[in-house]
Amino acid sequence: MNEAEKRRAFQKIKSLSTKKFYRFMDATNSDAYDMAIKHVTEAMSCDPKISKPTINRVLAKAEEIRTLWDGIKTYTVDEVYKFDGGKSS
């Protein structure tokens, strides 16, 4: 992405209403979380010592930690801000 494209993207985001901005950020955070899960899954799949059932258990535990331990049912900007103690600002 060159500087002009970055500037246009920044201006577009700045022009969003508060509601649309949070919707955009929630989608962005969800996409990033999904990509992280995909990367972890692919990384574990590269090691022949890690079986498919083990991978599934790790992913299930990650889901449990996110939902039960951290209380994050859906990944939103509000949850990120709360989880990091407000350091995101």
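At the far end of the sequence shown sits residue 143, using my numbering, and the numbering has no gaps.
Glycine included, C-beta positions come from ideal geometry on N, C-alpha and C.
Considering only the alpha carbon of each residue, which of the options lies closest to residue i?
i: K115; options: K60, Y76, T95, N83; result: T95
i: D88; options: R120, R111, K60; result: R120
For residue i, collect the residues of the same chain with a Cβ closer than 8 Å to its Cβ; drop the 5 residues on either side in sequence, then sort them by chain order.
i: I91; result: L113, A116
Three-state secondary structure (DSSP) at residue i?
i: M55; result: coil
i: S143; result: With a pLDDT of 47 at S143, under the threshold of 50, the modelled position of that residue is not reliable, and no figure is offered here.
i: I67; result: helix
i: I126; result: coil
Using C-beta distances below 7 Å, list every residue in its chain close to residue i, excluding the 5 sequence neighbours before and after it, in chain order.
i: S99; result: I109
Taking residue i and residue j to be in contact with their CB atoms under 8 Å, please state how far apart those CB atoms are, rounded to whole angstroms.
i: F64; j: L70; result: Contact doesn't hold; Cβ gap of about 11 Å is too wide.
query: If you scan the region 77-107 from start to end, which runs of the alpha helix (DSSP H) of 4 or more residues do you find wholly inside it?
result: none
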